[in-house]
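A.B. asks:
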Amino acid sequence: MFVGGFATFAMVYGPQPLLPLLADEFGIGAASASLTVSAAAAGLALMLIPGSVLADRIGRRQVMMVALGIAAVLACATAIAPDFGSLLVLRALLGAVIAGLPAAAMAYIGEEIAPNAQARAMGLYIAGNALGGMSGRFIAALITDWSSWRIALAVIGVLGLASAVLFWRRLPPSHHFQPRAATPARILRDTLAIYRDPGLPALFLVAFLAMGAFVGLYNFLGFRLLEAPYLLGQTAIGAIFLLYLVGTWASTLSARLADRHGRHKVLWIMVVVMGLGLALTLARPLALIIAGVGVFTFGFFAAHALASGWVGKRAGERRALGSALYLSSYYLGASVIGTVAGTAWGAGHWPGLALLLGACVLATGAVALYLRRLPT
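Going by the UniProt record's numbering, the first residue of the sequence shown is number 1, and it counts up by one from there.
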C-alpha cells in the first residue's frame with residue numbers, strides 16, 4: 001500500500017515543478033499551466049465514487065492493480081503529447097484511471113489490518129503519498145535541468161510502471177472482503193446516511209480546504225522562486241520538494257498522537273501549524289520561505305492523515321463510499337482552489353496568493369474546532 005500511494009502521488013503531481021516551463025513552452029499563463037495538475041486532480045475527484053462502487057462489487061485488490069497499471073501507461077504517453085490540449089486530456093485520463101487505487105485503498109486497510117494497527121497503517125500509506133509526491137517532483141525538476149520536460153515525464157511514467165509491477169507481486173489478497181450490490185438505491189441510501197452523520201461532511205470540507213491550500217502553495221512556489229531576487233534553477237526548486245520528507249514523518253507522528261490523545265484533540269493543532277507555516281512564507285529571506293513551506297507541509301500531512309483515518313472510523317460498513325467522498329472533496333479542492341490560486345497569483349503575486357490560502361486555512365481551523373466538540 002505504501003508503494004501504491006507512492007506511485008499515485010508521483011504520477012499525479014510529478015509535473016508540478018515544471019509549470020513555469022510548460023507556460024513558456026506552450027505560450028500560456030500561470031493559471032492555464034496549473035491546469036496540468038488540476039486536470040489530473042479533477043479526473044480523480046470525478047471517478048473516485050465510481051471507483052469505490054466498482055471496488056465494492058469486484059474487490060479492492062483487483063481495482064487497485066488495474067488502475068495503477070493503466071495509469072502508468074498513460075503517464076508514459078504524456079511525454080509525447082503533441083500540444084497542450086493533448087497533454088491536458090492525457091492528464092485528465094490518468095487522474096480518472098488512477099482514482100481506482102485511492103478509492104479502494106482506505107477500505108482495503110480498514111478490512112485487512114487489525115483495528116489496533118489501522119492508524120499506523122493509514123499513516124504509512126499517507127507517508128507513501130508524501131514520499132511519492134516529493135520524489136516525482138524532484139526527479140522531474142532534476143531531469144529537466146539535464147534534458148527536457150518530456151524526458152522527465154517519461155521517467156515518471158517508467159517509475160509508475162515499476163511501482164505497478166511491485167504492487168502486483170506483493171499486495172496480499174483480500175481475506176475479509178464482502179461484495180456489496182452496486183445498485184443506485186443502495187448508493188443513494190448509503191450517501192444519505194453518510195451525510196446525516198454530524199462529522200463526515202465536516203471532514204470532507206477539511207479535505208477540500210486543506211488540500212486546495214496545499215496544492216495552491218506548491219503550484220506557484222516555483223513561479224515565485226524563478227523570479228528576482230531568488231532566480232533559482234529547476235533543480236534547486238525541485239530540491240524544495242524534499243520537504244515532503246517532513247510530510248512522511250508528520251503522517252506517522254500524527255497517527256501515534258491520535259492513538260494517544262484522540263483525533264479530535266490533535267487535528268485543530270495541526271491546522272494551526274499550517275497557518276504558522278503559511279505566515280512564514282510571507283518573509284523575504286529564502287531560508288524563512290523554505291522553513292515556512294516545511295512547517296506548512298508538516299501540518300497538512302498530519303491533518304490529512306488524521307482526517308482520512310477518522311472517515312474510515314465514522315463511516316463503518318460504508319467506509320469505501322465514505323473514503324471516496326472524502327477523497328473526491330480532497331482532489332476537488334486541489335483542482336478548484338489550485339486553479340483559482342492562479343488568479344490570486346496573477347492579481348497580487350505571493351501576498352495575494354497567501355491571502356487566499358490563509359482564508360482556506362482559517363476555514364479549515366473553524367471546521368476542526370467544530371469536530372473537536374463532537375462525541376468520539
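Just so it is clear, CB atoms sit at the ideal spot from N, CA and C, and this is done for glycine as well.
Applying the criterion that 16 or more other CB atoms from any shown protein chain within 10 Å of the CB defines a buried residue, is N129 buried or exposed?
C.D. replies: Classification of N129: buried, given that the 10 Å Cβ count is 16 or more.
A.B. asks: According to DSSP, is Q62 part of a helix, a strand, or is it coil?
C.D. replies: Residue state, collapsed to three classes: helix.
A.B. asks: Looking at S251 and G123, is the spacing between their C-beta atoms short of 7 Å?
C.D. replies: A contact, by the Cβ cut-off of 7 Å.
A.B. asks: Does the Cβ of Y195 have 16 or more other Cβ atoms within 10 Å, making it buried, or fewer, making it exposed?
C.D. replies: Exposed, by the Cβ-count rule.
A.B. asks: For the pair the region 214-226 and the region 30-45, tell me if three or more CB-CB distances fall below 8 Å.
C.D. replies: Yes: at least three Cβ pairs fall under 8 Å.
A.B. asks: Taking R57 as the reference, give the member of T343, P184, L257 with the closest Cα.
C.D. replies: Of T343, P184, L257, the residue nearest in Cα terms is P184.
A.B. asks: Just how far apart, CA to CA, sit P201 and M211?
C.D. replies: The alpha-carbon atoms of P201 and M211 are separated by roughly 15 Å.
A.B. asks: When you compare only the Cα positions, how much space is there between S133 and L243?
C.D. replies: According to the sequence as given, residue 133 is Gly; it is not Ser. Between G133 and L243, the C-alpha separation is close to 10 Å.
A.B. asks: In three-state terms, what does DSSP make of residue 380?
C.D. replies: Residue coverage of the chain in this structure runs from 1 to 376, which leaves residue 380 outside it and unanswerable.
A.B. asks: Please tell me whether I98 and A127 are closer than 7 Å, where the distance is taken between their beta carbons.
C.D. replies: Going by C-beta atoms, I98 is not nearer than 7 Å to A127.
A.B. asks: Quick one, which of G136, G4, A77, I28 has its alpha-carbon nearest M11's?
C.D. replies: Of the listed residues, the one whose Cα sits closest to M11 is G136.
A.B. asks: My output table needs one value for T183: the three-state DSSP class, helix, strand or coil.
C.D. replies: The answer is coil: DSSP assigns T183 none of H, G, I, E or B.
A.B. asks: In angstroms, rounded to a whole number, what distance separates the CA positions of R189 and G348?
C.D. replies: Rounded to whole angstroms, R189 to G348 spans 45 Å at the Cα level.
A.B. asks: Using a Cβ-Cβ cut-off of 8 Å (strictly less than) and excluding sequence neighbours within five positions of P179, which residues of its own chain qualify?
C.D. replies: Taken in chain order, the residues that qualify are D56, R57, I58, G59.
A.B. asks: Flag this pair as yes or no: are the beta carbons of S329 and F214 separated by less than 7 Å?
C.D. replies: No, the Cβ-Cβ distance between S329 and F214 is not below 7 Å.
A.B. asks: Inspect the CB distances between the region 158-167 and the region 1-17 and report whether three or more fall short of 8 Å.
C.D. replies: Yes, the region 158-167 is in contact with the region 1-17.
A.B. asks: Which runs of the beta strand (DSSP E) spanning at least 3 residues fall entirely within the region 31-57, listed in chain order?
C.D. replies: With a minimum length of 3 residues, no continuous beta strand (DSSP E) run stays inside the region 31-57.
A.B. asks: Ignore the nearest five residues each way along the sequence and tell me which others in N219's own chain have a CB closer than 8 Å to its CB.
C.D. replies: For N219, where only same-chain residues beyond five positions count, the Cβ hits under 8 Å are Q16, L19, S34, V37, G338, A341, G342.
A.B. asks: To which residues of the same chain is Y331 closer than 6 Å at the C-beta, ignoring the five residues directly before and after it?
C.D. replies: The residues are A41, L44, A45.
A.B. asks: Taking just the CA atoms, how far does L280 sit from V293?
C.D. replies: The alpha-carbon atoms of V293 and L280 are separated by roughly 8 Å.
A.B. asks: Roughly how far, in whole angstroms, is the beta-carbon of V63 from the beta-carbon of G100, given that I think they are within contact range, below 8 Å?
C.D. replies: Yes, V63 and G100 are in contact; Cβ-Cβ is about 4 Å, under 8 Å.
A.B. asks: Measure the alpha-carbon distance for L327 versus A283 and round it to whole angstroms.
C.D. replies: Rounded to whole angstroms, L327 to A283 spans 33 Å at the Cα level.
A.B. asks: Which residue comes first and which comes last in the alpha helix (DSSP H) that contains M1?
C.D. replies: Per DSSP, M1 belongs to no alpha helix (DSSP H) and is neither H nor E.
A.B. asks: For I70 and Y125, what's the separation of their Cα atoms in angstroms?
C.D. replies: Between I70 and Y125, the C-alpha separation is close to 21 Å.
A.B. asks: Do you know offhand how far L209's Cα is from W168's?
C.D. replies: Cα to Cα, L209 sits roughly 33 Å from W168.
A.B. asks: Work out the CA separation of I49 and A193 for me, nearest whole Å.
C.D. replies: Each residue's alpha carbon lies about 15 Å from the other.
A.B. asks: Please tell me whether L306 and S254 are closer than 7 Å, where the distance is taken between their beta carbons.
C.D. replies: Cβ distance < 7 Å, so L306 and S254 count as in contact.
A.B. asks: Give a yes or no on whether the C-beta atoms belonging to G312 and G51 are separated by under 7 Å.
C.D. replies: Contact flag unset, no.
A.B. asks: Going by the CB atoms, is the gap between L325 and P198 shorter than 7 Å?
C.D. replies: No; because the gap between Cβ atoms is not below 7 Å, this pair is not in contact.
A.B. asks: Taking the alpha carbon of residue 378 as the point to measure from, which residue in R91, T78, L54 has its own alpha carbon closest?
C.D. replies: Outside the shown range of the chain, which is 1 to 376, sits residue 378, and nothing can be said about it.
A.B. asks: Which of the three DSSP states is assigned to L242 in this structure?
C.D. replies: In the structure shown, L242 sits in a helix (DSSP, three-state: H, G or I).
A.B. asks: Tell me the rounded alpha-carbon separation between I289 and H304.
C.D. replies: Cα-Cα distance, rounded: 22 Å.
A.B. asks: With 16 other CB atoms within 10 Å as the buried threshold, where does W146 fall?
C.D. replies: So W146 counts as exposed.
A.B. asks: Does the Cβ of I240 have 16 or more other Cβ atoms within 10 Å, making it buried, or fewer, making it exposed?
C.D. replies: That one is buried.
A.B. asks: Quick check on P102: buried or exposed, where buried means 16 or more other Cβ atoms within 10 Å of its Cβ?
C.D. replies: P102 comes out buried.
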